[in-house]
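Before any comments, here is the structure.
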Amino acid sequence: MTSIKEIKNKIISVVNTKKITKAMEMVAVSKMRKTEERMHFGRPYSEIIRKVIEHVVQGNLEYKHSYLENRETKRIGIIIVSTDRGLCGSLNSNLFKQVLFKIQKFTEMNIPCDLILFGLKSFSVFKLCGSNILSKIANLGEKPNLLTLINSVNIIVEEYQFRRIDKIFIAYNEFRNKMSQCPKFNQLLPLPKKTVQIINTKKWDYLYEPESKLILDVLFKRYVESEVYQSILENIASEQAARMMAMKTATDNSSNRIKELQLLYNKVRQANITQELNEIVAGASAVSTN
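All the letters of the sequence shown, read from the start, carry residue numbers 768 to 1057 under my numbering.
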């Protein structure tokens, strides 16, 4: 039978754990508000540049940009956005399962994958999957450095432009609300078919000044940068929301465990007292009998 001292030590341990998880929950709440606000501020720019791209590709473009070119898929690139730290529930594992499933499907079709990894948690998983890692960045923080991100993204974009990669995908966690974060695996380049197919039904164009090539090159470059940067902001906000919920669950579980241990402590204590009383009564009876 468990002794009173062991139960008391367990209660103290769980109480200390509860204090830690509660503190981490409060920190996650504070950080989530900031990251969520930053993520919402970035969405309008990303949405507007996406709409501009959709309008531009509807025209009868004289300059056919490589980002619109669909070609035979011989090699693909995947940008994977994960967290640097754990304790955020199943946020990373759900995303990694989806990405690994996609990589397996491409491997079955003899299509190799090149990876760009953001976040420490992706390193330990995808270094074992056999895919080529072009670049990896850790310690993104709550305010990721745009220039650092662009340098890594340019590596895989240049591979696409030089036709060494035929498609680029991006995998991240989309922030829906504080309770829900959804893993996404979206095609980044070339532009999705639902956008490009509109070109065949519309025959008109914009007037460009100074020239269409210069403007479209910059526009499509900004599109890729905004998509990647917004995906990272979404993932950071998702991380803090998931950590808040994970720490809240851990705190609630600690409270329930403390109640269970206190109940067990009282039962053991009561049993010990009863046993001592029985021993005293038995001893007294033996003395009186003698």
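Quick reminder that beta carbons are idealized off the backbone N, C-alpha and C, glycines included.
query: How big is the Cα-Cα spacing for residue 849 and residue 776?
result: 37 Å
query: Would residue 848 count as contacting chain C if we go by Cβ distances under 9 Å?
result: This model lacks chain C altogether; it includes just one protein chain.
field: Three-state class that DSSP yields for residue 938 in the structure shown
entry: strand
task: Can you grab the Cα-Cα spacing for the pair residue 1030 / residue 786, in whole Å?
output: 20 Å
query: In terms of residues, what are the limits of the beta strand (DSSP E) holding residue 955?
result: 947 to 956
Cβ separation of residue 840 and residue 934, assumed to be a contact under 8 Å, to the nearest whole Å: 6 Å
task: Decide if residue 1016 is buried, meaning its Cβ has at least 16 other Cβ atoms within 10 Å, or exposed.
output: exposed
field: Rounded distance between the beta-carbons of residue 946 and residue 795, thought under 8 Å
entry: Contact doesn't hold; Cβ gap of about 14 Å is too wide.
message: Whole angstroms are fine: how far does the CA of residue 873 sit from the CA of residue 842?
response: 9 Å
- prompt: Shortest alpha-carbon distance to residue 860 belongs to which of 911, 976, 903 and 892?
  reply: 892
- prompt: Roughly how many angstroms separate the alpha carbons of residue 878 and residue 792, rounded to a whole number?
  reply: 43 Å
- prompt: Are the beta-carbon atoms belonging to residue 865 and residue 950 less than 9 Å from one another?
  reply: yes
query: Is the number of C-beta pairs between the segment 1037 to 1046 and the segment 799 to 819 that are closer than 8 Å three or more?
result: no
query: According to DSSP, is residue 981 helix, strand or coil?
result: helix
Opposing strand residues paired with residue 774 [DSSP bridges]: DSSP lists no partner for residue 774.
- prompt: Just checking, does the segment 989 to 1007 make contact with the segment 801 to 818 on the three C-beta pairs under 8 Å criterion?
  reply: yes
For residue 921, the residue or residues it bridges with in DSSP: DSSP lists no partner for residue 921.
- prompt: Taking DSSP as the reference, what is the three-state secondary structure of residue 782?
  reply: helix
query: In the structure shown, what three-state DSSP assignment does residue 817 receive?
result: helix
query: If we ignore side chains and look at the alpha-carbon of each, how far apart do residue 983 and residue 1018 end up?
result: 52 Å
Rounded straight-line distance, which links the Cα of residue 974 to that of residue 823: 11 Å
query: Just reading off the alpha helix (DSSP H) that residue 899 is part of, what are its end residues?
result: Run containing residue 899: none in the alpha helix (DSSP H); it sits in the beta strand (DSSP E), 899 to 904.
field: Delimiting residues of the beta strand (DSSP E) encompassing residue 885
entry: 880 to 885
field: Local Cβ density within 10 Å of residue 740, reported as buried at 16 or more and exposed below that
entry: Not covered by the structure: residue 740. The range shown for the chain is 768 to 1057.
message: In the DSSP output, what is residue 844 paired with across the bridge?
response: 881 and 935
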